[in-house]
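-15 is the number of the first residue of the sequence shown in this note's numbering; add one for each residue after it.
Take a look at the structure set out below.
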Amino acid sequence: MRNGLKLIFVTLPIALIGIAFVAFIIVNRPAPERNILAERATPVRVILANKQTVAPSAIGYGIVEPARTYEAIAQVGGTAKYVNPALKNGAILPAGSVLLRVSQTDYKLAIAQVNGNIRAAEAKLNELSVSQSNLSAALAIEKEALALKTSDLNRAETLFGRGSMSQAALDAARITHLTQRQKVLSVESSLALLPTQRAVQEEQLALSQVNLKSAQLNLERTELTLPFDARVATKTVEVGQFVRAGQTIALFDGIEAAEVEAQVSVADLRLLLQSTKAGALELALDPTEMTQIMRELGLSAVVRLRLGQEILEWPAIVDRISDTIDQKTGTLGIIIRIDTAYLGSKIGKRPPLIKGMFVEAVVNGQSVEGFVVPRSALREGKLMLADSTDTLQMVTVTTRFVQGEIAVISSGLAPGDRVVVSAPSPAITGMRLNVTKDTKLMTQLAATGAKK
-15 MRNGLKLIFV
-5 TLPIALIGIA
5 FVAFIIVNRP
15 APERNILAER
25 ATPVRVILAN
35 KQTVAPSAIG
45 YGIVEPARTY
55 EAIAQVGGTA
65 KYVNPALKNG
75 AILPAGSVLL
85 RVSQTDYKLA
95 IAQVNGNIRA
105 AEAKLNELSV
115 SQSNLSAALA
125 IEKEALALKT
135 SDLNRAETLF
145 GRGSMSQAAL
155 DAARITHLTQ
165 RQKVLSVESS
175 LALLPTQRAV
185 QEEQLALSQV
195 NLKSAQLNLE
205 RTELTLPFDA
215 RVATKTVEVG
225 QFVRAGQTIA
235 LFDGIEAAEV
245 EAQVSVADLR
255 LLLQSTKAGA
265 LELALDPTEM
275 TQIMRELGLS
285 AVVRLRLGQE
295 ILEWPAIVDR
305 ISDTIDQKTG
315 TLGIIIRIDT
325 AYLGSKIGKR
335 PPLIKGMFVE
345 AVVNGQSVEG
355 FVVPRSALRE
365 GKLMLADSTD
375 TLQMVTVTTR
385 FVQGEIAVIS
395 SGLAPGDRVV
405 VSAPSPAITG
415 MRLNVTKDTK
425 LMTQLAATGA
435 KK
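Structure (structure tokens):
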């Protein structure tokens, strides 16, 4: 017990002295230096807002077809006496080329026969004219004779009344009078029939003249010509072959223009109409109205053909629109017309646009002005800007249209604004930025606006 108390009285003062010493050191030691941490700047890439002209577009793909085709059909039958030697698959023939000539013998004989019928009808009409003159003269004579017979009958009746003539003589006078009256009636009947006979002959003459025109037309149809410049697609006739009326002897593809029914996304077409014509979307369900809208807008187009690493282009116009939507792909056919399909073609360098080529068609809408920014920079109708103090600001903008990887801003930006294109995470308004100008992206966006 005594040893414990003795240990306490010895160690306690030592502990108190140690604690006091430590406290003295803590109280009297110098304060540590403070390091003030500066706010870190977040690195971002920016582009300078620049107003430019850009046109919305829609891209589709399709097969080239000739704008005009011609099916050469024989209109009359006969043996093929002549077939154009240049009538071969793939050959190009000029307008007016004689394609086929069938034997004309039967058709010339038909014309000769009809001409004979016409001459016979004309001769019959002349005969009727002469008959009318003769019958008119005969009628005058017969009427004079009837007048004399009438006088004789009257005289006979007077004498019979006086008893100076017998009954037999009176009857003979009456018979003579009746006979003369019958002659007059016969001539009058013949004259009365002449107008009807003339009408019949005139109708016969008219019919023969119609038959003559038909025979002449058939003779002309023995020669078949090409109505426009065209390339031979197929040929099915040879010299000496019998050709039936209505038989197809060749098929031709016109070369003055070509068409492409480009299959375009309905969404892209909707954007094209929405950005170029107010109210166009309300008419989009009516194919007829959509076609009219296309024509009124005067949309331009470019048809592109890829040949290895080379891309050839032809200017085109939007002519009309298909009446159905492809249920499998959800695309709509836009018929694009190329009026220069063969213009400038060079063997081995630039082929013409011919049937069957698979091409890309770009339909361009009306150009609009706006600020072109990457689509990824647009977030819920807002853009991030780096202000003059390199701090982050949010601005609300109005989007004219969004297409592909770009968005066209119509309002909310000013020329020279620095648009942040690499979003910091997290993005906090007022945060400090380490700004780097993305010149490569600016060049790409400028090129997008320059495309026609």
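Virtual Cβ for every residue (Gly too), placed ideally from N, Cα, C.
Could you spell out the range, first to last residue, of the alpha helix (DSSP H) harbouring residue i?
i: N101; result: T89 to R146
Going by other Cβ atoms of all chains shown within 10 Å of its Cβ, with 16 needed for buried, is residue i buried or exposed?
i: L367; result: buried
i: V114; result: exposed
i: K133; result: buried
i: V184; result: exposed
i: A242; result: buried
i: D307; result: exposed
i: E353; result: exposed
i: G62; result: buried
i: L(-11); result: Only weak support exists for where L(-11) lies, its pLDDT of 48 falling under 50; the value from the coordinates is given anyway. Under this definition L(-11) is an exposed residue.
i: F226; result: exposed
i: R146; result: exposed
i: L369; result: buried
i: I239; result: buried
i: G314; result: exposed
i: G224; result: exposed
i: Q247; result: buried
i: R24; result: exposed
i: R363; result: exposed
What are the boundary residues of the beta strand (DSSP E) that residue i is part of?
i: T209; result: E207 to T209
i: P336; result: Here P336 belongs to no beta strand (DSSP E), and DSSP marks it neither H nor E.
i: F355; result: V352 to P358
i: V346; result: F342 to N348
i: I393; result: I390 to S395
i: F236; result: T232 to G238
i: E49; result: S41 to P50
i: F385; result: T382 to Q387
i: Y66; result: G62 to V67
i: Q247; result: A242 to S249
i: S284; result: S284 to L291
i: K35; result: K35 to V38
i: R321; result: T315 to I322
i: L71; result: Segment: none, L71 is in no beta strand (DSSP E) and carries neither H nor E.
Inspect the beta-carbon positions of residue i and residue j and report whether they are closer than 8 Å.
i: A64; j: L77; result: no
i: E141; j: L154; result: yes
i: G328; j: R321; result: no
i: E172; j: L93; result: no
i: I43; j: E344; result: yes
i: S284; j: N348; result: yes
i: V98; j: L189; result: no
i: Q164; j: E106; result: no
i: L109; j: L178; result: no
i: P336; j: A33; result: no
i: E207; j: V82; result: yes
i: F236; j: I47; result: no
i: A391; j: T383; result: yes
i: A96; j: A234; result: no
i: T210; j: G80; result: Contrary to the premise, residue 210 reads as Leu rather than Thr in this sequence. Going by C-beta atoms, L210 is nearer than 8 Å to G80.
i: A58; j: A229; result: yes
i: V60; j: R182; result: no
- Message: Measuring CB atoms only, is the region 380 to 393 touching the region 69 to 76, in the sense that at least three cross pairs come out at less than 8 Å?
- Response: no
- Is the region 369 to 379 in contact with the region 410 to 427, if contact means three or more CB pairs nearer than 8 Å? yes
- Task: Spell out a yes or no on whether the region 25 to 41 and the region 168 to 182 are touching, meaning 3 or more CB-CB pairs, one atom from each, closer than 8 Å.
- Result: no
- Query: For the 8 Å Cβ check, are there 3 or more pairs between the region 45 to 59 and the region 206 to 217?
  - Reply: yes
- What are the start and end residues of each continuous beta strand (DSSP E) run of 3 or more residues lying completely inside the region 152 to 229, in chain order? 207 to 209 and 214 to 219
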